[in-house]
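Undergrad: Going by the UniProt record's numbering, 162 is the number at position 162 of the sequence shown; the sequence numbering is gapless.
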Amino acid sequence: MKTTKFNIGDSVAVLDDSFSGKVKSFKNNRIIIETDEGFELDFDEKELIIVQNNSNDLSGLFSSHNLTSVLKDKEEPKKRSFTKEKRSKKETFALEVDLHIEKLVKSKKGMSNHDILTLQTETAKRQIDFAIRNRIPKVVLIHGVGEGILKAELDFLLGRYEGITFQDANYQKYGLGATEVYIKQNPDR
Numbered sequence: 001m002k003t004t005k006f007n008i009g010d011s012v013a014v015l016d017d018s019f020s021g022k023v024k025s026f027k028n029n030r031i032i033i034e035t036d037e038g039f040e041l042d043f044d045e046k047e048l049i050i051v052q053n054n055s056n057d058l059s060g061l062f063s064s065h066n067l068t069s070v071l072k073d074k075e076e077p078k079k080r081s082f083t084k085e086k087r088s089k090k091e092t093f094a095l096e097v098d099l100h101i102e103k104l105v106k107s108k109k110g111m112s113n114h115d116i117l118t119l120q121t122e123t124a125k126r127q128i129d130f131a132i133r134n135r136i137p138k139v140v141l142i143h144g145v146g147e148g149i150l151k152a153e154l155d156f157l158l159g160r161y162e163g164i165t166f167q168d169a170n171y172q173k174y175g176l177g178a179t180e181v182y183i184k185q186n187p188d189r
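#1: From the DSSP output, in three-state form, read off N53 for me.
#2: Would the beta-carbon of I33 fall within 8 Å of that of F43?
#3: Applying the criterion that 16 or more other CB atoms from any shown protein chain within 10 Å of the CB defines a buried residue, is A131 buried or exposed?
#4: Tell me which residues share the same chain as E96 and place their Cβ nearer than 7 Å to its Cβ, disregarding the 5 neighbours each side in the sequence.
#5: At 4 residues or longer, and completely inside the stretch 86 to 128: list those alpha helix (DSSP H) runs for me, N to C.
#6: Report the residue from N113, G144, Q127 and K184 whose alpha carbon sits nearest the alpha carbon of Y174.
#7: Verify whether the separation of the beta carbon atoms of K22 and G9 is less than 8 Å.
#8: I think Y161 touches I128, with their Cβ atoms under 8 Å apart; what is that distance to the nearest whole Å?
#9: Confirm, please, whether the CB-CB distance from A169 to E153 is below 8 Å.
#10: Do you know how far the Cα of G177 is from the Cα of H114?
#11: With DSSP run on the structure shown, which of helix, strand or coil describes R30?
Written as structure tokens, this is what we have:
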């Protein structure tokens, strides 16, 4: 009694091997195939797949799909499901200045805390002045969390400028250790 999806004469391919053949008979729940080279081999039903032709035509592998539609699906890039953030042209560039001492000097050996703080604040001032001269509307000063001494110095420094507003930077991008500086551009400059 045959309880298989295969029929005698079906063209089949072996899943885990590189040969194919035709179903010749059934014996002890095994399927006997005759390979294209004339050898008779037996396989379990799970090891075989039906193919329409003995050639390398793959159409038999896609019983419920048209081969051309399957190939077309593979070629067309899938549309990505995300929404793009709309940004104004003013936000396209932000000057990022990392004020961590390791980023400013090769070695802090021999520098006192005062020297480090002075270098960091002078670097911040120099970069703010550069942004004002070059009409860069946004600067992000990355100062780190630490004890808050550098942040307090930056707040004092930035408070002395006219036409500058500042706030904590985007938490998702920088965490708590950065300040965004917005420079209002004077059109008659």
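Every residue gets a Cβ at the ideal spot worked out from N, C-alpha and C, and that includes glycine.
TA: Per the coordinate set shown:
#1: For the purposes of this step, residue 53 is taken as the residue at position 53 of the sequence shown. Reliability of the predicted coordinates at N53 is poor, the pLDDT of 48 falling under 50, and the value obtained from them is presented with this limitation in mind. Three-state result, N53: coil.
#2: The residue given as residue 33 occupies position 33 in the sequence shown. The residue given as residue 43 occupies position 43 in the sequence shown. When the beta-carbon positions are compared, I33 and F43 come within less than 8 Å of each other.
#3: Mapped onto the sequence shown, residue 131 falls at position 131. Buried, since its Cβ has 16 or more Cβ neighbours within 10 Å.
#4: For this step, residue 96 is matched to residue 96 along the sequence shown. If you ignore the 5 residues before and after E96, its C-beta comes within less than 7 Å of the C-beta of V140 and I142, all in its own chain and listed in chain order.
#5: 101 to 104
#6: Along the sequence shown, read from residue 1 onward, the residue named residue 174 stands at position 174. Among N113, G144, Q127 and K184, the Cα nearest to that of Y174 belongs to G144.
#7: Indexing the sequence shown from 1 puts residue 22 at position 22. Indexing the sequence shown from 1 puts residue 9 at position 9. Taking C-beta atoms as the reference points, K22 and G9 count as a pair closer than 8 Å.
#8: Taking the sequence shown and counting its residues from 1, one reaches residue 161 at position 161. Taking the sequence shown and counting its residues from 1, one reaches residue 128 at position 128. Right, the Cβ-Cβ distance comes to about 7 Å (below 8 Å), so this counts as a contact.
#9: As a working mapping, residue 153 is identified with position 153 in the sequence shown. As a working mapping, residue 169 is identified with position 169 in the sequence shown. The answer is no: Cβ separation not under 8 Å.
#10: Taking the sequence shown and counting its residues from 1, one reaches residue 114 at position 114. Taking the sequence shown and counting its residues from 1, one reaches residue 177 at position 177. Those two C-alpha atoms are separated by around 20 Å.
#11: Numbered from 1 along the sequence shown, position 30 holds the residue referred to as residue 30. Of the three classes helix, strand and coil, the one that applies to R30 here is strand, per DSSP.
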